[in-house]
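Peer 1: Dumping the structure here so I can ask a few things about it.
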Amino acid sequence: MVWCNHCVKNVPGIRPYDGALACNLCGRILENFHFSTEVTFVKNAAGQSQASGNIVRSVQSGITSSRERRFRIARDELMNLKDALGIGDERDDVIVIAAKFFEMAVEQNFTKGRRTELVQASCLYLTCRELNIALLLIDFSSYLRVSVYELGSVYLQLCEMLYLVENRNYEKLVDPSIFMDRFSNSLLKGKNNKDVVATARDIIASMKRDWIQTGRKPSGICGAALYTAALSHGIKCSKTDIVNIVHICEATLTKRLIEFGDTDSGNLNVNELRERESHKRSFTMKPTSNKEAVLCMHQDSKPFGYGLCEDCYKDFINVSGGLVGGSNPPAFQRAEKERMEKAAREENEGGISSLNHDEQLYSDYCSMSKRGKQCSEKGEKDKDGAEEHADTSDESDNFSDISDDEVNGYINNEEETHYKTITWTEMNKDYLEEQAAKEAALKAASEALKASNSNCPEDARKAFEAAKADAAKSRKEKQQKKAEEAKNAAPPATAVEAVRRTLDKKRLSSVINYDVLESLFDTSAPEKSPKRSKTETDIEKKKEENKEMKSNEHENGENEDEDEEDEEEGNVESYDMKTDFQNGEKFYEEDEEEEEDGNDFGLY
């Protein structure tokens, strides 16, 4: 059917041999496209031949053949894995859902850097979790011969990639009861299978109500339930058989059995347990009317009960174990039993036991003491201590809900407290006697002082008290005066003065050597070192030589004057500079050098 603008309605079009689409009522041409299966060639303006028209691509041409081949191989491998794990053919949608998960993983490049078989196993296990198929992750790891932790890591990463971690409604809690058929078939090989499975499921339901399933793996719950059900029906099996089937250690199985034995259901036989479970199943809530609002995530479905749809209501029943409600956890049950026993014991015994206990402690201590007065005083103290300990023991009973045996071992009962008190008193008898003697001596000294003060005259006692008050007042005034002076004092001028003030304030002046202290903070110029450099030594030598030369020159000048006088007198003596003053030239040269050295010395 096509739309004809002339007829203004949808009409069946006709397509003649030329390929044009026309209206069969008015004959109006609606489409003028020519389709042909044969390739025709035409010449362009350059005279070259080229194909006429456009090639219409199919829808499937966008997907490469390698991608299709990869998905087909993955689907075949998922089918082989399903058959190997024993998943029946009645669930055909398992492979379809797992293949969709694998395609999503490939589109997100999740397979890069990871083994394909691990990704496929994770997709199939995720599908089994969704469809409540009795398979564990360790079954996949055993078939693939890989570590369960490696496979679990890939599975968690797949859930995170598919945003399933945030969706709490998708990742449901695993119901241990779905594994009972499989485990019972492996253990019993078909005999008495139905009765054992029914009893095991009742035990699992009881464990749910007693909070044993919370925070524990389903394999341990299944192992304990199967072992208990098999023994209750007279089937001989060992813990080793259960361990090999359920894939848990024997310690875990023993711990689950102990936890189940601590509950009320652990004391029932098979018939009593079955009657109890059937009675609790009868208290199911009837379906409500459609007027009730749906509070779960399925808003479009009809309400079934408690504001939930039928599927969510069934999940709630499976997880919670029923609507009647379960008992408290074993720790709370044990604490409640202990409180009830204690209340009954107190009602029967009354306050007589505590009094007898205190009197016994008192008599034991008095019998071991040597002095009567000290023994009586210490007995009263021990009696008070026993009463305080009785109070603390009552407070310690508030911790009776602690389920840890090691912690309970640190809390003493009345009998242990009694014997430990006697033992400690006997071991520390010398110390107690010494302390009692010291207390008696102090008491006697204080009484003697009071007696002496009472015998003194009234005037002397008043004078003593007045002198004592004056001394305290003067001491207080001195302290205030020192504080005022320190507050109004000018800041220290030097570091030595600051240190002195600090030492006086700390009252350490008597142990300080102030001469050494002043030398530490001495800022005067350091003395010149006795050692001199080679340059200074040479300069001093030149100075001395210069002085000697000048003195010689002065003497020579006087001699010349005398010679002149002698010449005038006729007594002329001739001197040869070369013979008499052979070092004359050298003398003047050294003089010039000395002057230059003198100028240089001024620059140093």
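Numbering-wise (my numbering), the sequence shown opens with residue -15 and increments by one. Glycine is no exception: its CB is placed at the ideal position from the N, C-alpha and C atoms.
1) For M191, does the three-state DSSP call read helix, strand or coil?
2) In its own chain, which residues sit with a C-beta less than 8 Å from the C-beta of P0, not counting the 5 before and 5 after it?
3) If V23 and A4 are in contact, beta carbons under 8 Å, what's the gap, nearest whole angstrom?
4) Using three-state DSSP, classify E15 as helix, strand or coil.
5) For I(-2), does the three-state DSSP call read helix, strand or coil?
6) Under 8 Å Cβ to Cβ from I187, same chain only, skipping five residues before and after it: list those, please.
7) Using the Cα positions of D194 and D246, report the straight-line distance between them to the nearest angstrom.
8) Where does Q463 sit, in a helix, a strand or coil, going by DSSP?
9) Buried or exposed for G11, going by 16 or more other Cβ atoms inside 10 Å?
10) At what residues does the alpha helix (DSSP H) containing L62 begin and finish?
11) According to DSSP, simplified to helix, strand and coil, what is V130?
12) When we look at the beta-carbon of V495 and count the other beta-carbons within 10 Å, is it buried (16 or more) or exposed?
13) With DSSP as the reference, please indicate the residues paired to W408 in a beta bridge.
14) Only counting the same chain, and skipping five residues up and downstream in sequence, which positions put a Cβ closer than 6 Å to that of L241?
15) Alpha carbon to alpha carbon, what distance is there between Y297 and C280?
16) Helix, strand or coil: how does DSSP classify K286 here?
17) On the three-state DSSP scale, how would you describe A35?
18) Label E144 either buried or exposed according to how many other C-beta atoms from any shown protein chain fall within 10 Å of its C-beta, with 16 as the threshold for buried.
19) If N592 sits next to D159, beta carbons under 8 Å apart, how far is it from one beta carbon to the other, in whole angstroms?
20) Checking the sheet assignment: what are the DSSP bridge partners for C107?
21) Tell me whether E529 is buried or exposed, calling it buried when 16 or more other Cβ atoms sit within 10 Å of its Cβ.
22) Does R56 pass the burial test, meaning 16 or more other C-beta atoms within 10 Å, or should it be called exposed?
23) Where does K531 sit, in a helix, a strand or coil, going by DSSP?
24) Helix, strand or coil, according to DSSP, for L5 in the structure here?
25) Where does the unbroken alpha helix (DSSP H) through V23 begin, and where does it stop?
26) What is the DSSP secondary structure of C10, counted as helix, strand or coil?
27) For S33, which residues in the same chain have their Cβ closer than 6 Å to its Cβ, ignoring the five residues on either side in sequence?
28) According to DSSP, is C(-12) helix, strand or coil?
29) Let's test the definition: count the other Cβ atoms within 10 Å of the Cβ of A327 and tell me whether it reaches 16, buried, or not, exposed.
30) Candidates S131, D76, R113 and Q92: which alpha carbon is nearest L102's?
31) Under the rule that 16 or more other beta-carbon atoms within 10 Å means buried, what is A184, buried or exposed?
32) To the nearest angstrom, how far is it from the Cα of S106 to the Cα of S222?
33) Might you give, ordered along the chain, the residues of its own chain that have their beta carbon closer than 6 Å to the beta carbon of I232, omitting 5 neighbours on each side?
34) Excluding the 5 residues flanking Q92 on each side, which residues of the same chain have their C-beta closer than 7 Å to its C-beta?
35) Answer with buried or exposed for P287, where buried requires no fewer than 16 other C-beta atoms within 10 angstroms of its C-beta.
Peer 2: The structure says:
1) Working through the sequence shown from its first residue, we reach residue 191 at position 207. Three-state DSSP puts M191 in a helix.
2) Walking along the sequence shown from the start, residue 0 turns up at place 16. Result list for P0: A6, in chain order.
3) In the sequence shown, counting from the first residue as 1, residue 23 sits at position 39. In the sequence shown, counting from the first residue as 1, residue 4 sits at position 20. Their Cβ separation, rounded to whole angstroms, is 21 Å, which puts V23 and A4 out of contact at 8 Å.
4) Against the sequence shown, residue 15 aligns to sequence position 31. In this structure, E15 counts as strand in the three-state DSSP scheme.
5) Sequence index remark: in the sequence shown, residue -2 carries index 14 (1-based). Three-state result, I(-2): strand.
6) In the sequence shown, the residue the question calls residue 187 occupies position 203. Hits under 8 Å: A208, A209, T212, A213, F244, S249 and L257.
7) If you number the sequence shown from 1, residue 194 lands on position 210. If you number the sequence shown from 1, residue 246 lands on position 262. Spanning the two alpha carbons is a distance of roughly 10 Å.
8) The residue labelled residue 463 in the question sits at position 479 within the sequence shown. Residue state, collapsed to three classes: helix.
9) Residue 11 sits at position 27 when you count from the first residue of the sequence shown. Exposed, because fewer than 16 other Cβ atoms sit within 10 Å of the Cβ of G11.
10) Numbered from 1 along the sequence shown, position 78 holds the residue referred to as residue 62. Run containing L62: S49 to A68, per the alpha helix (DSSP H) assignment.
11) For the purposes of this step, residue 130 is taken as the residue at position 146 of the sequence shown. Three-state result, V130: coil.
12) Along the sequence shown, one-based indexing puts residue 495 at 511. It is exposed - the Cβ of V495 has fewer than 16 other Cβ atoms within 10 Å.
13) The residue given as residue 408 occupies position 424 in the sequence shown. In the DSSP output, where bridge partners are listed per residue, W408 has none listed.
14) On the sequence shown, position 257 is the one that residue 241 refers to. Contacts found: A208.
15) Numbered from 1 along the sequence shown, position 296 holds the residue referred to as residue 280. Numbered from 1 along the sequence shown, position 313 holds the residue referred to as residue 297. In a straight line, the C-alpha of C280 is about 9 Å away from that of Y297.
16) In the sequence shown, the residue the question calls residue 286 occupies position 302. In the structure shown, K286 sits in coil (DSSP, three-state: anything other than H, G, I, E or B).
17) Numbered from its first residue, the sequence shown carries residue 35 at position 51. If DSSP states are grouped into helix, strand and coil, A35 belongs with the strands.
18) For the purposes of this step, residue 144 is taken as the residue at position 160 of the sequence shown. Counting Cβ neighbours within 10 Å, E144 comes out exposed, since fewer than 16 surround it.
19) No information on residue 592 is available, as it lies outside the stretch -15 to 588 that the chain covers here.
20) In the sequence shown, the residue the question calls residue 107 occupies position 123. Beta-bridge annotation (DSSP): C107 is not paired with any residue.
21) Here the question's residue 529 lines up with position 545 in the sequence shown. E529 is exposed by the Cβ-count criterion.
22) In the sequence shown, counting from the first residue as 1, residue 56 sits at position 72. Counting Cβ neighbours within 10 Å, R56 comes out exposed, since fewer than 16 surround it.
23) Translated into the one-based positions of the sequence shown, residue 531 becomes position 547. K531 falls in the helix class under three-state DSSP.
24) Translated into the one-based positions of the sequence shown, residue 5 becomes position 21. It is a strand residue.
25) Residue numbering aside, residue 23 sits at position 39 when the sequence shown is read from its first letter. That residue, V23, is in no alpha helix (DSSP H); it is neither H nor E in DSSP.
26) Here residue 10 is taken as the residue at index 26 of the sequence shown, counted from 1. Reduced to three states, the DSSP call for C10 is coil.
27) For the purposes of this step, residue 33 is identified with residue 49 of the sequence shown, where counting begins at 1. In the same chain as S33, and ignoring 5 residues on each side of it, the C-beta atoms closer than 6 Å to its own belong to F25 and K27, in chain order.
28) Position 4 of the sequence shown, counted from the first residue, corresponds to residue -12. DSSP places C(-12) in strand when its eight states are reduced to three.
29) Against the sequence shown, residue 327 aligns to sequence position 343. Per the 10 Å Cβ criterion, exposed.
30) Within the sequence shown, residue 102 is the residue found at index 118, counting from 1. Nearest C-alpha to L102: S131.
31) Position 200 of the sequence shown holds residue 184. With 16 or more other Cβ atoms within 10 Å, it is buried.
32) Here residue 106 corresponds to residue number 122 of the sequence shown, with the count starting at 1. Here residue 222 corresponds to residue number 238 of the sequence shown, with the count starting at 1. Rounded to the nearest angstrom, the gap between the Cα atoms of S106 and S222 is 33 Å.
33) Position 248 of the sequence shown, counting from 1, holds the residue named residue 232. Only S203, G204 and G207 meet the Cβ criterion.
34) By 1-based counting over the sequence shown, the position of residue 92 is 108. Answer for Q92: M145, listed in chain order.
35) Here residue 287 refers to the residue found at position 303 of the sequence shown. P287 is buried by the Cβ-count criterion.
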